[in-house]
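Residue numbers (our numbering): 25 to 434.
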Amino acid sequence: MRYFFILGNNPTLSFAEIVSVFKIKPEQVLALTEKTLIIELAQEIDAQQIIRKLGGTIKIGVINFQFSIPRTRDNFQTIFNDLMFKLINTNNVVGKFNFGISYYGAGKFKQEKNLAMEIKKALKEKGISSRWVTSREKVLSSVVVEQNKLVSDRGVEVVIISDGTKCWIGKTLAVQPFKELSARDYGRPGRDDYSGMLPPKLAQILINLSGAEFGNVLLDPFCGSGTILTEAALMGFQNLIGCDISEKAVEDSRQNFKFLMSNVKSMPNDIMLNIKLFVCDVKKLSRKIKPNFIEAIVTEPYLGPSRMERNEKNIRAVARQLEELYHQAIGEFAKVIKPGGRAVMVWPAFKLDKFAIFLDSSRILANSSFKIINPLLGFNNKILRLTNRNTLIYRREGQKIEREIVILEK
Ligand SMILES: C[S@@+](CC[C@H](N)C(=O)[O-])C[C@H]1O[C@@H](n2cnc3c(N)ncnc32)[C@H](O)[C@@H]1O
Numbered sequence: 025m026r027y028f029f030i031l032g033n034n035p036t037l038s039f040a041e042i043v044s045v046f047k048i049k050p051e052q053v054l055a056l057t058e059k060t061l062i063i064e065l066a067q068e069i070d071a072q073q074i075i076r077k078l079g080g081t082i083k084i085g086v087i088n089f090q091f092s093i094p095r096t097r098d099n100f101q102t103i104f105n106d107l108m109f110k111l112i113n114t115n116n117v118v119g120k121f122n123f124g125i126s127y128y129g130a131g132k133f134k135q136e137k138n139l140a141m142e143i144k145k146a147l148k149e150k151g152i153s154s155r156w157v158t159s160r161e162k163v164l165s166s167v168v169v170e171q172n173k174l175v176s177d178r179g180v181e182v183v184i185i186s187d188g189t190k191c192w193i194g195k196t197l198a199v200q201p202f203k204e205l206s207a208r209d210y211g212r213p214g215r216d217d218y219s220g221m222l223p224p225k226l227a228q229i230l231i232n233l234s235g236a237e238f239g240n241v242l243l244d245p246f247c248g249s250g251t252i253l254t255e256a257a258l259m260g261f262q263n264l265i266g267c268d269i270s271e272k273a274v275e276d277s278r279q280n281f282k283f284l285m286s287n288v289k290s291m292p293n294d295i296m297l298n299i300k301l302f303v304c305d306v307k308k309l310s311r312k313i314k315p316n317f318i319e320a321i322v323t324e325p326y327l328g329p330s331r332m333e334r335n336e337k338n339i340r341a342v343a344r345q346l347e348e349l350y351h352q353a354i355g356e357f358a359k360v361i362k363p364g365g366r367a368v369m370v371w372p373a374f375k376l377d378k379f380a381i382f383l384d385s386s387r388i389l390a391n392s393s394f395k396i397i398n399p400l401l402g403f404n405n406k407i408l409r410l411t412n413r414n415t416l417i418y419r420r421e422g423q424k425i426e427r428e429i430v431i432l433e434k
């Protein structure tokens, strides 16, 4: 089966997450652009379920046609007719049918109106009245797709992807559950805007990059208000451990778990959660957790003071402190994690006017049994961007601290 994925704002990160979740090989990638990925998968996927677990994917769909450009008008006509059978299942349609068209490619999709009229005509011949859902943008947003029920028996979003030489046509199977994500982001009671909270989507990406499986024991030793742990629980992880040096943080995490259990409908209710939360300085982690007990660590550690005069001297001093803290933390991780286990960490990169200050990995990893893993080994594409030490960067508009995502393996 061929599937398309519409990637989020950071395509490298979205792609790395998909590679990790589906364990895809370079030959399975049919196309990769800034916004889209098309892959060949041996197994069928439950797109509705999977999109809830992928923080970096906006839409998932299935590909029905692939052809080389240019095609003649007649050939397009045949495709439009075929589309009616393959993309639009009108068996269960009662009342009005909505359809939309999104084009992911350079320039404009000139045949869009023509295609829309063909779909309308064909539906009319079947006695179905329809509405063409449009928006100002070239593509329909997840919100428009959901609000117009384009992923249901009553509608369809036709997706056209072009990389300049080839064209693929398919239909959307699932869109990112934006309402749920925002309710989790802004609705959680235990908030700590001072220490900072990870966006839930990024938490999902980090968890996926760890390659951990649902039965594994997952640890966040700088848990803060528990974003990584609560997202992991929603994704299906059952064995979770969280700790933090701050009592308030541990209490916030407890509150957020309670909120999750009672408020989030998508919580898999047949799953027995086994969560341990306690106060602990990361430097003493191995006093609280048995050797080799943990399969994966996913964590956003302390990233330095949120308020300080941002000059190079101050930032370099903070960087030295963090390198020392992370060095000690990683020494403890090595004791509690199983051989082969991964620790996915966020390291800050401090943006100054002309350059950014990254932490010194040789200090952090001095004498360590961990090494940095390249999540994109073997993949070659001009849109993919890794740092020269094989880490990923997450940046948000206007933020002075970028997050470097480091995947370590023991
Ligand atoms: C950036 S916050 C983590 C935020 C978390 N990812 C979230 O979304 O809520 C870093 C956390 O590290 C904790 N911390 C700082 N030093 C620590 C240490 N030595 N051991 C354990 N936790 C520490 C802080 O209390 C803070 O909650």
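We put the CB at the ideal spot given by N, CA and C, even for glycine.
1) Could you round the C-beta distance between Y127 and I184 to whole angstroms and report it? I think they count as a contact, below 8 Å.
2) Where does I152 sit, in a helix, a strand or coil, going by DSSP?
3) Run through DSSP, which three-state label would N232 get?
4) Quick check: what's the CA-CA separation for L139 versus R178?
5) Any chance you could list the alpha helix (DSSP H) runs of at least 4 consecutive residues sitting entirely within the stretch 305-382, in chain order?
6) I'd like to check one pair, G129 with E181: are the Cβ atoms closer than 9 Å?
7) For ligand 1, I want to know if E149 counts as a neighbour, meaning its beta carbon is within less than 8 Å of at least one of the ligand's heavy atoms.
8) With distance defined between alpha-carbon atoms, name the residue in F133, M25 and F202 nearest to S13.
9) Check each candidate in N398, W156, S385 and N338 and name the one with the smallest Cα separation from R366.
10) Indicate the three-state DSSP secondary structure (helix, strand or coil) for K49 in the structure shown.
11) Using only the heavy atoms of ligand 1, determine whether one of them is closer than 8 Å to the beta carbon of E324.
12) Quick check: the Cα distance between R427 and P363, rounded to an integer number of angstroms?
13) Taking F283 as part of the alpha helix (DSSP H), name the residues at either end of that continuous run.
14) Please go through the same chain and pick out, in chain order, the residues whose beta-carbon is closer than 6 Å to the beta-carbon of I339, but skip the five residues on each side of it.
15) Assign F302 to buried or exposed, taking buried as 16 or more other Cβ atoms, counted over all protein chains shown, within 10 Å of its Cβ.
16) In the structure shown, what three-state DSSP assignment does G250 receive?
17) If you draw a straight line from the C-alpha of L147 to the C-alpha of K110, how long is it?
18) Can you determine whether any heavy atom of ligand 1 sits closer than 8 Å to the C-beta of L349, and answer yes or no?
19) Return yes when the Cβ of I299 is within less than 9 Å of the Cβ of A341, no when it is not.
20) Which of the three DSSP states, helix, strand or coil, is assigned to A40?
21) When burial is assigned at 16 or more other CB atoms within 10 Å of the CB, is V118 buried or exposed?
22) Does L164 come out as helix, strand or coil in the three-state DSSP assignment?
23) Would you list the residues sitting across from A130 in a DSSP beta bridge?
24) Please say whether E58 and L31 have beta carbons closer to each other than 9 Å?
25) Could you check what DSSP says for T102 in three-state terms: helix, strand or coil?
26) So, helix, strand or coil for D70, using DSSP?
27) Between the C-alpha atoms of P498 and I74, what's the straight-line distance to the nearest angstrom?
28) Taking the runs of the beta strand (DSSP E) that are 3 residues or longer, which of them lie wholly in the stretch 388-430?
Answer, in terms of the structure:
1) Working through the sequence shown from its first residue, we reach residue 127 at position 103. Working through the sequence shown from its first residue, we reach residue 184 at position 160. Their Cβ separation, rounded to whole angstroms, is 5 Å, which keeps Y127 and I184 in contact under 8 Å.
2) To locate residue 152, count along the sequence shown from 1; it is residue 128. Note: I152 maps to coil in three-state DSSP.
3) Sequence index remark: in the sequence shown, residue 232 carries index 208 (1-based). Of the three classes helix, strand and coil, the one that applies to N232 here is helix, per DSSP.
4) One-based indexing of the sequence shown puts residue 139 at position 115. One-based indexing of the sequence shown puts residue 178 at position 154. About 19 Å.
5) 309-312 and 336-360
6) Mapped onto the sequence shown, residue 181 falls at position 157. Mapped onto the sequence shown, residue 129 falls at position 105. Against a cut-off of 9 Å, the Cβ pair of G129 and E181 comes out as no contact.
7) In the sequence shown, counting from the first residue as 1, residue 149 sits at position 125. Checking the Cβ of E149 against ligand 1 gives no.
8) Since the first residue shown for the chain is 25 and the last is 434, residue 13 is missing from the structure and cannot be characterised.
9) Taking the sequence shown and counting its residues from 1, the one referred to as residue 366 is at position 342. With distances taken between Cα atoms, R366 lies closest to N398.
10) Position 25 of the sequence shown, counted from the start, is the residue given in the question as residue 49. Coil.
11) By 1-based counting over the sequence shown, the position of residue 324 is 300. Yes.
12) Here residue 427 corresponds to residue number 403 of the sequence shown, with the count starting at 1. Here residue 363 corresponds to residue number 339 of the sequence shown, with the count starting at 1. Approximately 26 Å between the Cα atoms of the pair.
13) Position 259 of the sequence shown, counted from the first residue, corresponds to residue 283. Start and end: E271 to N287.
14) Mapped onto the sequence shown, residue 339 falls at position 315. These residues qualify, in order along the chain: F374 and I381.
15) Taking the first residue of the sequence shown as position 1, residue 302 is located at position 278. By the 10 Å Cβ count, F302 comes out exposed.
16) Taking the sequence shown and counting its residues from 1, the one referred to as residue 250 is at position 226. Note: G250 maps to coil in three-state DSSP.
17) Within the sequence shown, residue 147 is the residue found at index 123, counting from 1. Within the sequence shown, residue 110 is the residue found at index 86, counting from 1. In a straight line, the C-alpha of L147 is about 13 Å away from that of K110.
18) As a first step, residue 349 must be located in the sequence shown, where it is residue number 325. Result yes, Cβ under 8 Å from ligand 1.
19) The residue you call residue 341 lines up with position 317 of the sequence shown. The residue you call residue 299 lines up with position 275 of the sequence shown. The answer is no: Cβ separation not under 9 Å.
20) By one-based count along the sequence shown, residue 40 stands at place 16. A40: helix per DSSP, three-state reduction.
21) Counted from its first residue, the sequence shown places residue 118 at position 94. Looking at its Cβ environment, which holds fewer than 16 other Cβ atoms inside 10 Å, V118 is exposed.
22) Position 140 of the sequence shown holds residue 164. DSSP places L164 in coil when its eight states are reduced to three.
23) Looking up residue 130 in the sequence shown gives position 106. In the DSSP output, where bridge partners are listed per residue, A130 has none listed.
24) Start at 1 with the first residue of the sequence shown, and residue 31 comes out as number 7. Start at 1 with the first residue of the sequence shown, and residue 58 comes out as number 34. Closer than 9 Å, so yes.
25) Locating residue 102 in the sequence shown gives position 78, where the first residue counts as 1. Reduced to three states, the DSSP call for T102 is helix.
26) Position 46 of the sequence shown, counted from the start, is the residue given in the question as residue 70. DSSP places D70 in coil when its eight states are reduced to three.
27) Residue 498 is absent from the structure shown; the chain starts at 25 and stops at 434.
28) 416-418
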